[in-house]
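For the sequence shown, the working numbering assigns the number 8 to the initial residue and increments by one for each residue that follows.
Read the structure below first, then the notes.
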Amino acid sequence: MTTRRRGRIRWLCTHANRRPYPTHPIQGASRHMTSTHRLTTSRVRRWPAAGALILASAIALGLGGCASATQSPAAAPAAAGTPTDGGTLYWAIETKLQTVNPHRNGQDKASPILRNAFDSYLYRTEAGEYQPWLAKAYEVTDGGRTVTLTLRDGITFSDGQPFDADAVVANFDKISSKGYLTSIPGGLRFVTGYAKEGSDKVAFTLSKPDSLFLLYLSSQSSSPLSPATLAKPQTTLESGGPELAGIGPFTIESFTPNTELALAKRADYAWAPEAIANGQTAAHLDKVVYRTFGEGATRTGALQQGQVQVASDIQPLDVPVFADSADFSYQRSVVGGLPYSLYLNVSKAPFDDIRVRQAFAKGFDLPAIIKSIYNGAFDQAQAPISVRGPFADTSLLGDHAVELDAANKLLDEAGWTERNAEGIRTKDGRTLTVRAVSGAPFVRESRDQLNIAIGAALKQNVGIDYQFQIEDLGTEEERAKANDYEVFDNSYGGADPASGLDLLYHSDPTRGFIARGKFNNKELDGLIDKGRFTTELSVRKTAYTELQKLVTTNFYVVPLYQTQDNLAATAKVHDLTIDAATGQPFGAYKIWLQQ
C-alpha cells in the first residue's frame, strides 16, 4: 500500500534579489506550512576588488582594428599515469565562506567548494538536459506541472541515516519553514506542494511549468541533509560545520568561517553522476583543505611557495607565471549565465535615444581594449548570454562593432553637435556625460581599468564623457533608487541564464530586482517568460534566440567579456575536473596527487 505524506507551500513574489547573492526577508509568515515568503535563488556574479592591472596608454585604445577574441574551451583534465589514492590537497580561494550549509549559502563561488560534501538530486549537462544523480529517474508530467523523483537505492547520509522519501520530504519541510532561511529559493516559487509516494518516490506539484525548478534540483541549494541534521538548533544550521551530515565524496572535518574549510574522504561513497564518475566510487584524496586568501597576489605567492597545490581566481597579470612554467598547470573555463556587460538606462536622457545607445556601442574598439587589458587571459563576450550552454547566439553583435564615422553621425543626428573645451559633446547646455555606478565590493578582474579605457576611447573617438564611478554599497543603492546613473555593469554566473534574465531585464519588480536598464518592454518580458515557463529545451532555445536579437538590435546591452574561472595548480595535481554545466570545478572528487 502506497503511503502519502504531503507538504503544501504557498509562495509570494520572486526568485531573486540584488547582487551579489540575492536575498529578501521572509514576509508575513504564519505558524503553519502555508507561510507566505519572499523568494530568491539566483546568484548575480559580482566580485570584490583585487589585483587590478595598471593601464598604459588608455587613450590610444579603441582606435586600431583587432580581430574578435574567441572562446577558450576548458582545458582537458591532466592525465599522467594511473590515479593514486591518498594525500592532502591545499586549495587557495578568494571566497570567504560565511556558512557551509548548502541551503543557506548563495555565494556563487562557494558552489564548487560545497559540491565536495553535498550531492544533488539531478545532474545538469552543458546541453541543458538533466541526468540521474541521487534520483535514479525523474518524470515530468501534466504539461510540466508535476515532477516526480525516484530515488536511488542504498544511499546513506554521512551520519548513517537512510536517504529515502521521508528524508526528502523532511528537507523540503525545513526549507519552507519559517525562520530557517532568510529567503526561499526561487526555483520553488511555483511549487504548490509535494508528496511522498512510497519509500523511494516524491512528487512535486507546480502551478505552472518552471525550468528553474529542475535547475534547483540540480543545485546545492536543494542538496539533502540528514533528518538528524535538520533537527539541530538554528544557530548550528546557520553556519554549519562538522555537525552537518549530507551526501558527498567528502565530509566536513572542520570549518572556520571566512578562513578555512577542511574536508575528509568518505570511504563508502559511490554515488557521483556517471558523466563525472566514469566508474569511480570514493574520492582519491584523503583530505582537502580550502584556505581563503583575499588578495590575488597572496594566492599566487602561496602556490609558488608550495603552501597550496591549487589556486583559484588567478589574476590576469599572474597568468604567465603559471601558463609558461613546466612546474605548474593553468586552465581557464568559461562560466555559464550572462557575461560581464553594460546595461544602458533607457528611462532617461541620453540613452532614451537609440541613436545615442548605438553611438556608445560603436564608439570604441572593444577587441583592442580587451586584448590590452587582459592580454589573452579573458575573451570578448560573443553574445548577451554566455557561450557555455546551449543558448548563446553569437551572430548578433556585428552591429556593435566599432564604426567611428557612423557613431559620430548618429550623435550629430541626435542633436549633440557642439563640443566644450574638453572635446565633450554638448546639447542645450548639457554635456554628453554618462555614468556607470558600481559598488566597490563588486569591482574586480580589472573591471575598473577596462571601463576607464572604454571611457578614454569614447571621449577621444566620439566625444562621450563616460565615467566609471565606484561607490560604497550604501551610496550605490541610494543612487540606484534615485535613478542617478546611466549605465549599470553586471554579470551573472550560473548553469542557466533564466534567473539572470529575470533579474536584469524583466519589468516586473518582483522579478527584475536589478533590471536597472529599465527597459519596460512587454515583448522582452514575454520572451523571458517563454524561455522560463517550459521544460522543452527547443522552446527555450527559440525564445532566447529571439530575446538576444531584441536586446542587441535595441542596443539595450553592451556585452564586454566572458566571465570565467582561472585555475592554476602544481604539476603533481591531476584530473582537476570542470563541471560542464557551470564551468566551475566539480569539487576535488576526481583529483589525485602524483606521489
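Where is the CB? At the ideal position from N, CA and C, for every residue including glycine.
These numbers were taken from a predicted model, which means no experiment stands behind them.
| Item | Value |
| --- | --- |
| C-beta contact flag for Asp-400 and Gln-555 at 7 Å | yes |
| Distance, Ala-99 Cα to Pro-327 Cα | 18 Å |
| When Gly-524, Arg-426, Ala-274, Val-209 are compared against Asp-166, the one with the closest alpha-carbon | Ala-274 |
| Bridge partners - Thr-106, DSSP secondary structure assignment | In DSSP, Thr-106 forms no bridge with anything. |
| Cβ-based neighbour list, Gln-316, same chain, cut-off 8 Å, excluding 5 preceding and 5 following | Leu-96, Tyr-97, Trp-98, Leu-310, Ala-576, Thr-577, Lys-579, Val-580, Leu-600 |
| Per-residue DSSP class, three states only, for Ile-1 | Outside the displayed range of the chain (8 to 602) lies residue 1, so it cannot be described from this structure. |
| Beta-carbon spacing of Ser-246, Thr-102 below 7 Å | no |
| Same chain, Cβ closer than 6 Å to Tyr-187, neighbours up to 5 away in sequence not counted | Lys-181 |
| Tyr-571 in three-state terms, based on DSSP | For the sequence presented, residue 571 should be read as Gln rather than Tyr. Three-state result, Gln-571: strand. |
| Span of the beta strand (DSSP E) around Gly-344 | 344-351 |
| Inter-residue CB distance, Tyr-130 and Pro-280 (contact presumed, cutoff 8 Å) | 4 Å |
| Supposed contact pair Ala-464 and Asp-372 - C-beta distance, whole angstroms, cut 8 Å | 7 Å |
| Residue nearest to Val-154 in terms of C-alpha spacing, selected from Lys-215, Gly-343, Leu-345, Asp-92 | Lys-215 |
| Residues sharing a beta bridge with Trp-140, DSSP | None; Trp-140 has no bridge partner. |
| Which listed residue (Asp-115, Lys-208, Asn-527, Lys-185) has its alpha carbon closest to that of Val-558 | Asn-527 |
| Uninterrupted beta strand (DSSP E) stretches inside the stretch 290-331 (no shorter than 3 residues) | 294-299, 317-319 |
| Range of the contiguous alpha helix (DSSP H) that encloses Ser-184 | Careful: Ser-184 lies outside any alpha helix (DSSP H) and carries neither H nor E. |
| Three-way DSSP call (helix, strand, coil) for Phe-593 in this model | coil |
| C-alpha gap between Asn-112 and Leu-222, whole angstroms | 16 Å |
| Per-residue burial, Lys-116 [other beta carbons within 10 Å of its own, 16 or more giving buried] | buried |
| The stretch 510-519 in contact with the stretch 532-540 per 3-pair CB rule at 8 Å | yes |
| C-alpha gap between Ala-59 and Asp-325, whole angstroms | For Ala-59, the pLDDT reaches just 32, beneath the cut-off of 50, and the residue's location in the model is therefore unreliable, leaving the point undetermined. |
| Under 7 Å between C-beta atoms of Pro-90 and Gln-227 | no |
| Residue nearest to Gln-287 in terms of C-alpha spacing, selected from Ser-379, Gln-389, Asp-582, Glu-302 | Asp-582 |
| Those residues which DSSP pairs with Phe-358 across a bridge | DSSP lists no partner for Phe-358. |
| Segment contact flag, the stretch 401-420 with the stretch 489-497, C-beta cutoff 8 Å, min 3 pairs | no |
| Cβ pair Phe-540, Asp-149 closer than 7 Å | no |
| Leu-268 beta carbon less than 7 Å from that of Leu-104 | yes |
| Assigned secondary structure, Thr-242 (DSSP; H/G/I helix, E/B strand, else coil) | helix |
| Continuous beta strand (DSSP E) stretch holding Thr-602: start and end | A small correction: the amino acid at residue 602 is Gln; Thr does not occupy that position in the sequence shown. Per DSSP, Gln-602 belongs to no beta strand (DSSP E) and is neither H nor E. |
| Nearest-angstrom Cα separation, counted from Phe-358 out to Asn-265 | 41 Å |
| Classification of Leu-270 by the beta-carbon crowding that lies within 10 angstroms, buried from 16 upward | buried |
| The beta strand (DSSP E) enclosing Ala-375, as first and last residue numbers | Unbroken run through Ala-375 is the alpha helix (DSSP H), 373-381; no beta strand (DSSP E). |
| Sequence-distant residues of the same chain with beta carbon closer than 7 Å to Ala-413, five excluded per side | Lys-369 |
| Arg-432, DSSP secondary structure in three states | strand |
| Test item: CB-CB of Pro-139 and Gly-594 under 7 Å | no |
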